[in-house]
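All remarks here apply to the structure that follows.
Number of protein chains: 2
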Amino acid sequence: MTEQPSSVANQNNPPTLLDGIMTTRALRRLSTTPIPEDVLWEILAAGQQGPSGGNIQPWQFLVVRDEATRRGLGEIYSRTYARYEKAMLAVAPPQRPENEASWQRTLAASRHLAQHFGESPAIIAIAMADISMELTDEYGPLDVGTAFASAYPAVQNLILAARHHGVGTALTTVYRIEHDAVRDCLSIPKTHQVIALLPLGYPLGKFGVAKRRPVETVTHWDSWGNKRAR
Amino acid sequence: MTEQPSSVANQNNPPTLLDGIMTTRALRRLSTTPIPEDVLWEILAAGQQGPSGGNIQPWQFLVVRDEATRRGLGEIYSRTYARYEKAMLAVAPPQRPENEASWQRTLAASRHLAQHFGESPAIIAIAMADISMELTDEYGPLDVGTAFASAYPAVQNLILAARHHGVGTALTTVYRIEHDAVRDCLSIPKTHQVIALLPLGYPLGKFGVAKRRPVETVTHWDSWGNKRAR
Numbered sequence: 378m379t380e381q382p383s384s385v386a387n388q389n390n391p392p393t394l395l396d397g398i399m400t401t402r403a404l405r406r407l408s409t410t411p412i413p414e415d416v417l418w419e420i421l422a423a424g425q426q427g428p429s430g431g432n433i434q435p436w437q438f439l440v441v442r443d444e445a446t447r448r449g450l451g452e453i454y455s456r457t458y459a460r461y462e463k464a465m466l467a468v469a470p471p472q473r474p475e476n477e478a479s480w481q482r483t484l485a486a487s488r489h490l491a492q493h494f495g496e497s498p499a500i501i502a503i504a505m506a507d508i509s510m511e512l513t514d515e516y517g518p519l520d521v522g523t524a525f526a527s528a529y530p531a532v533q534n535l536i537l538a539a540r541h542h543g544v545g546t547a548l549t550t551v552y553r554i555e556h557d558a559v560r561d562c563l564s565i566p567k568t569h570q571v572i573a574l575l576p577l578g579y580p581l582g583k584f585g586v587a588k589r590r591p592v593e594t595v596t597h598w599d600s601w602g603n604k605r606a607r
Numbered sequence: 378m379t380e381q382p383s384s385v386a387n388q389n390n391p392p393t394l395l396d397g398i399m400t401t402r403a404l405r406r407l408s409t410t411p412i413p414e415d416v417l418w419e420i421l422a423a424g425q426q427g428p429s430g431g432n433i434q435p436w437q438f439l440v441v442r443d444e445a446t447r448r449g450l451g452e453i454y455s456r457t458y459a460r461y462e463k464a465m466l467a468v469a470p471p472q473r474p475e476n477e478a479s480w481q482r483t484l485a486a487s488r489h490l491a492q493h494f495g496e497s498p499a500i501i502a503i504a505m506a507d508i509s510m511e512l513t514d515e516y517g518p519l520d521v522g523t524a525f526a527s528a529y530p531a532v533q534n535l536i537l538a539a540r541h542h543g544v545g546t547a548l549t550t551v552y553r554i555e556h557d558a559v560r561d562c563l564s565i566p567k568t569h570q571v572i573a574l575l576p577l578g579y580p581l582g583k584f585g586v587a588k589r590r591p592v593e594t595v596t597h598w599d600s601w602g603n604k605r606a607r
């Protein structure tokens with residue numbers, strides 16, 4: 378697996394499915410270069426292929442390219458990120474020394490995004506109809522899972538399809554602190570909630586493998602607690 | 378974009394990231410052929426690359442290959458699917474004539490899966506720590522989004538990485554009707570909930586583009602309701 382150093386190289390040599398998944402880290406420093414409309418449509422069409430219970434497809438996509446609207450979202454994002462960061466840092470456990478540098482880099486990138494959110498050339502809002510997945514039979518209500526199971530896979534498809542085209546993004550949710558303001562800004566009715574905002578742009582940084590715990594530490598075999606080396 | 382007709386062809390010629398996303402439909406008729414352990418590890422490692430708020434990675438993976446345990450899950454799935462299907466059909470609106478054939482095919486495939494769930498050579502249970510994403514500051518509690526936003530993208534990564542290896546699956550949640558029984562079967566503690574079960578196997582059918590509404594009907598530009606042709 379090789380890192381894709383730039384969107385141009387990436388366009389000429391799109392990654393395989395697995396390499397693409399493995400190298401889609403959050404990218405928070407984005408160029409203001411516009412994204413061609415046909416690329417946006419291909420990203421959206423990939424989102425549309427997400428799975429949903431009973432194929433209900435509860436999502437709607439809203440693509441923001443208008444400058445004033447992006448600025449409006451950017452102001453909300455900046456305000457809400459500031460509240461989030463302060464509250465998060467107040468309760469965050471101290472980082473282990475070996476993770477401190479990575480933590481500081483992520484914090485700096487997150488602050489960069491908060492300051493420049495509205496300058497992303499396109500922002501996709503994913504809205505979900507406020508539906509209940511609950512059914513009832515003669516024994517009572519049936520929990521057949523959360524509606525979010527029918528929407529966040531589509532969000533991940535959008536993120537991965539963007540990466541196919543050399544477009545970076547990050548899954549953001551802190552705007553939820555001012556959820557009504559986001560809906561107002563985009564004229565989204567109260568029948569729908571906004572479950573993610575994706576700021577899209579050609580990345581100033583590079584795609585690559587994100588830092589995660591080793592997979593064997595979170596994988597159990599046949600029964601909980603039964604772990605093994607990879 | 379071409380359909381990948383078989384897992385063998387697919388192995389020799391893995392799809393690009395975008396083609397892979399576009400052709401990952403739910404596959405519910407699965408072979409009992411075992412999946413090599415190195416393939417399972419690659420699928421799990423791709424799940425591990427999913428995004429999460431503050432990189433908390435709230436998921437754990439439990440891979441079931443033991444036959445008795447798979448049979449146990451299969452019995453739960455079969456029972457809960459039967460309750461789900463009956464309740465769902467009781468409230469489902471009539472299908473439009475042009476969708477009727479597709480609906481009947483999906484129903485038949487779902488019943489097949491319910492009868493053969495435990496025969497899938499591997500089943501991945503995705504468990505999520507019961508965490509709150511809520512923070513508080515001097516103005517009150519902050520909603521920064523649902524924890525599911527930090528877990529279902531990883532589930533979609535698992536599904537797509539399986540497809541890279543020619544392995545089919547479907548995102549299932551109806552077992553939630555007997556959630557405690559699933560946890561008991563796998564010895565998963567009450568601190569975690571099971572957010573998806575993925576039955577994995579080489580498909581008897583073919584990968585391909587799933588039936589969805591045209592993307593332009595669910596895409597708004599700059600403001601809600603502002604749609605345009607692709």
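Each protein sequence line maps, in turn, to chains A and B.
Per our numbering, residue 378 is the first one in the first sequence, and the count goes up by one each step.
Per our numbering, residue 378 is the first one in the second sequence, and the count goes up by one each step.
Note that CB positions come from ideal geometry on N, CA and C, so glycine has one too.
- At least one CB of chain B lies nearer than 8 Å to the CB of Pro-428 (chain A).
- Secondary structure of Met-510 (chain A) (DSSP, three-state): coil.
- Contact between the stretch 494-505 of chain B and the stretch 435-451 of chain B is established, with three or more Cβ pairs separated by less than 8 Å.
- DSSP links Ile-500 (chain B) through a beta bridge to B:Val-441, B:Pro-576.
- In this structure, Arg-589 (chain A) and Gly-397 (chain A) do not form a Cβ contact; the two beta carbons are roughly 16 Å apart against a cut-off of 8 Å.
- Using a Cβ-Cβ cut-off of 7 Å, Ile-398 (chain B) is close to Ala-423, Gln-426, Asn-534, Leu-537, Ala-538 of chain A, given in chain order.
- A Cβ-Cβ contact shorter than 8 Å links Thr-546 (chain B) with Pro-576 (chain B).
- Considered as a whole, the stretch 395-480 of chain B harbours 414-425, 444-468 as its complete alpha helix (DSSP H) runs of no fewer than 4 residues, in chain order.
- Taking C-beta separations shorter than 8 Å and ignoring five residues to either side along the sequence, the partners of Glu-452 (chain A) in its chain run Gly-495, following chain order.
- Within chain B, no residue has its beta carbon less than 8 Å from that of Phe-494 (chain A); the closest one is some 15 Å off.
- If you draw a straight line from the Cα of Ala-531 (chain A) to the Cα of Leu-563 (chain B), it comes to about 28 Å.
- What Lys-463 (chain B) touches in chain A, judged by beta-carbon distance under 7 Å, is Asp-514, going in chain order.
- DSSP, reduced to helix, strand and coil, places Thr-596 (chain A) within a strand of the structure shown.
- A straight line joining the alpha-carbon of Arg-442 (chain A) with that of Thr-596 (chain A) spans about 41 Å.
- Annotation: Leu-548 (chain A) is outside any alpha helix (DSSP H) and is labelled neither H nor E by DSSP.
- From the beta-carbon of Val-416 (chain B), no residue of chain A is found nearer than 8 Å; the closest lies around 10 Å away.
- For Leu-563 (chain B), the enclosing alpha helix (DSSP H) has its first and last residue at 556-563.
- Look at Val-571 (chain A) here: in three-state DSSP terms it is strand.
- Per the coordinates, the alpha-carbon of Arg-605 (chain A) lies some 22 Å from the alpha-carbon of His-542 (chain B).
- Residues of chain A with a Cβ closer than 7 Å to the Cβ of Asp-507 (chain B) do not exist, since the nearest Cβ in that chain sits about 13 Å away.
- For the 8 Å CB-CB criterion, Ile-536 (chain A) and Tyr-461 (chain A) do not form a contact.
- When DSSP states are grouped into helix, strand and coil, Pro-391 (chain B) belongs to the coil group.
- For Phe-438 (chain B), the closest Cβ of chain A is nearer than 8 Å.
- For Pro-591 (chain A), no beta strand (DSSP E) segment is defined, and its DSSP state is neither H nor E.
- The stretch 404-421 of chain B makes no contact with the stretch 566-576 of chain A; the number of CB pairs closer than 8 Å stays below 3.
- By the rule that beta-carbons nearer than 8 Å mark a contact, Gln-481 (chain B) does not touch chain A.
- In the DSSP assignment, Leu-519 (chain A) falls within the beta strand (DSSP E) that extends over 517-519.
- Taking the Cα of Thr-568 (chain A) as reference, the smallest distance to any Cα among A:Asp-507, A:Pro-428, A:Arg-607, A:Glu-477 is reached at A:Asp-507.
- No residue range can be given for Arg-607 (chain A), since it is assigned to no alpha helix (DSSP H) and is classified by DSSP as neither H nor E.
- Residue burial is scored here from C-beta neighbours: Gln-425 (chain A) has at least 16 other C-beta atoms within 10 angstroms and is therefore classed as buried.
- Within chain A, the C-beta atoms nearer than 7 Å to that of Asp-599 (chain B) come from Val-441, Arg-442, Asp-443, Thr-446, in chain order.
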